[in-house]
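Peer 1:
Residue numbers (this note's numbering), protein chains in the order written: chain A, 1 to 161; chain B, 1001 to 1152.
#1: Does DSSP put residue 1029/B in a helix, in a strand, or in coil?
#2: Using 8 Å as the cut-off, can you tell me whether the region 79-90 of chain A makes contact with the region 52-65 of chain A, which would need three or more C-beta pairs spanning the two stretches below that distance?
#3: Check this for me: beta carbons of residue 1045/B and residue 1065/B, under 8 Å apart or not?
#4: From residue 3/A to residue 1031/B, what distance separates their C-alpha atoms?
#5: So which of 1041/B, 1117/B and 1013/B has the shortest CA-CA distance to residue 1026/B?
#6: Using 8 Å as the cut-off, can you tell me whether the region 1071-1091 of chain B makes contact with the region 1009-1019 of chain B, which would need three or more C-beta pairs spanning the two stretches below that distance?
#7: To which residues does DSSP link residue 78/A through a beta bridge?
#8: Shorter than 8 Å from the beta carbon of residue 50/A to some beta carbon of chain B?
#9: Which bits of chain B does residue 4/A rub up against, with CB to CB less than 7 Å?
#10: List the residues of chain A whose Cβ lies closer than 8 Å to the Cβ of residue 1057/B, in chain order.
#11: Find out if the Cβ-Cβ distance for the pair residue 7/A, residue 1022/B is shorter than 8 Å.
#12: Measuring alpha carbon to alpha carbon, tell me which of 1043/B, 1125/B and 1145/B ends up nearest residue 1134/B.
#13: Mind reading off the beta-carbon distance from residue 95/A to residue 118/A? Whole number of angstroms is fine, and I expect it under 8 Å.
#14: Beta-carbon within less than 6 Å of residue 45/A's beta-carbon, same chain only, minus the 5 sequence neighbours each way: which residues are those?
#15: Can you list, in chain order, the residues of the region 14-45 of chain A whose Cβ is nearer than 9 Å to any Cβ on chain B?
#16: Based on Cα-Cα distance, which residue from 1114/B, 1061/B, 1037/B and 1142/B lies nearest to residue 1/A?
#17: In chain order, what residues of the same chain have a beta carbon less than 8 Å from the beta carbon of residue 77/A, not counting five sequence neighbours either side?
#18: Let me make sure I understand the geometry here. Which of 11/A, 125/A, 49/A and 19/A has the alpha-carbon closest to that of residue 113/A?
#19: Mark residue 156/A as exposed unless 16 or more other C-beta atoms lie within 10 angstroms of its C-beta, in which case mark it buried.
#20: In chain A, which residues lie less than 9 Å from residue 1014/B when you measure between Cβ atoms?
#21: Taking the continuous beta strand (DSSP E) assigned at residue 1105/B, which residues delimit it?
#22: Out of 40/A, 73/A, 62/A and 41/A, which one is the CA nearest neighbour of residue 154/A?
#23: List the residues of chain A that residue 1011/B touches, going by C-beta distances under 8 Å, in chain order.
#24: Near residue 1005/B, what residues of its chain come up, given a Cβ to Cβ distance below 7 Å and the 5 sequence neighbours on each side ignored?
#25: Need the endpoints of the alpha helix (DSSP H) that residue 1078/B sits in, please.
#26: Could you tell me which residues DSSP puts in a beta bridge with residue 1040/B?
#27: Would you say residue 1077/B and residue 1114/B are within 8 Å of each other, going by their C-beta atoms?
#28: Please list the partners that residue 1021/B has in chain A, where partner means a Cβ-to-Cβ separation under 8 Å.
#29: Along chain B, in chain order, which residues have C-beta atoms closer than 7 Å to that of residue 136/A?
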């Protein structure tokens, strides 16, 4: 028999997630098709998905703020390697999207475009699932797709690129 | 948050899983290859002491190590902790001990499960022997667990 050259080392973490107050408010709103973030009372940054506290200032966020479901790609990664527990067919594109009205990008999937066409500054819009399938989950948004709006110049994306 | 009535708590079952296969290199590769043959090996350091599991490099000097030596398969429990309620991921479905086992001929300890039946059967210094899996595959679980040497 051949010598052993590798071993399986699966890592698995299984847990119950319970939403905080800010997260629950976000989930209640997304169940109704609204994207609602929370604003920091000091630096006035808006966080989507909502956070209960501001990571910059370390204080509780206050106001709830509706944001757009249109945004801008700040960074992205084209995935060409399949993974056992990801059902998508490579190549696909995971991107950080900064929604209009929000000050923190979040990672999402891009669809309905060739991965080669994805670029920093590209404008995208949410593609929602049919309304009858909505629930308190970010999965109501199937993916983001190019919106056709003109690109945002890279220099206007500031610290995000 | 304010005076709003608390809504229903949202909760969800989350599973984060990475299905890694890692290459093991020549030294651990030999260790796992020997386990497949139901043998346990360590590696000798410059001062004559033996590490089990074997390390590719001396943990103190960084010097490359290459003298593989047979150890065990029996040994003594150097320390242990009793697990009253095994989880689904544990090697045994009944209460057992996690133990550091110093195999005969080794100077370091190997972490593994000991199936002693009851906590009162465990003691530091007790002698144990491996219980091998029926079909070995070249991995640490080829040793199902250790058991008290006197057990039938």
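Even for Gly, the Cβ is constructed at its ideal location relative to N, Cα and C.
Peer 2: So, from the listed chains and residues:
#1: Three-state DSSP puts residue 1029/B in a helix.
#2: No contact exists between the region 79-90 of chain A and the region 52-65 of chain A.
#3: Yes, they are a contact pair.
#4: Cα-Cα distance, rounded: 10 Å.
#5: For the residues 1041/B, 1117/B and 1013/B, the minimum Cα distance to residue 1026/B belongs to 1041/B.
#6: No, because fewer than three Cβ pairs between the region 1071-1091 of chain B and the region 1009-1019 of chain B fall closer than 8 Å, the two stretches do not touch.
#7: 93/A.
#8: Taking Cβ atoms only, chain B never reaches closer than 8 Å to residue 50/A, which makes this a no.
#9: Correct list: 1024, 1029, 1032, 1033, 1036 and 1138.
#10: Neighbours of residue 1057/B in chain A, taken as residues whose beta carbon is under 8 Å from its own, are absent, since the nearest beta carbon is some 19 Å off.
#11: Going by C-beta atoms, residue 7/A is nearer than 8 Å to residue 1022/B.
#12: With distances taken between CA atoms, residue 1134/B lies nearest to 1145/B out of 1043/B, 1125/B and 1145/B.
#13: The C-beta distance from residue 95/A to residue 118/A rounds to 7 Å, short enough to meet the 8 Å contact threshold.
#14: For residue 45/A, where only same-chain residues beyond five positions count, the Cβ hits under 6 Å are 103.
#15: Of all residues in the region 14-45 of chain A, the ones placed with a Cβ closer than 9 Å to any Cβ belonging to chain B are 14, 15, 16, 17, 18, 19, 21, 22, 23, 24, 25, 27 and 28, in chain order.
#16: When each option's Cα is compared against that of residue 1/A, the closest is 1037/B.
#17: So the qualifying residues of the chain are 93, 94 and 95.
#18: Ranking the options by Cα distance to residue 113/A, first place goes to 125/A.
#19: Classified as exposed, residue 156/A has fewer than 16 neighbouring CB atoms from the shown chains inside 10 Å of its CB.
#20: By Cβ distance, chain A contributes 13, 14, 15, 16 and 17.
#21: Element bounds for residue 1105/B: n/a, residue is neither H nor E.
#22: In terms of CA proximity to residue 154/A, 73/A leads the group 40/A, 73/A, 62/A and 41/A.
#23: Near residue 1011/B (Cβ distances below 8 Å), the residues of chain A are 16, 17, 18 and 19.
#24: Residue placement at residue 1005/B is flagged as unreliable, the pLDDT there being 48, under the threshold of 50; a coordinate-derived value is accordingly withheld.
#25: Run containing residue 1078/B: none in the alpha helix (DSSP H); it sits in the beta strand (DSSP E), 1075-1083.
#26: Under DSSP, the beta-bridge partners assigned to residue 1040/B are 1071/B.
#27: Yes, they are a contact pair.
#28: Within 8 Å of the CB of residue 1021/B, the CB atoms of chain A belong to 6, 7, 8 and 9, in sequence order along the chain.
#29: Those within 7 Å of residue 136/A in chain B are 1010.
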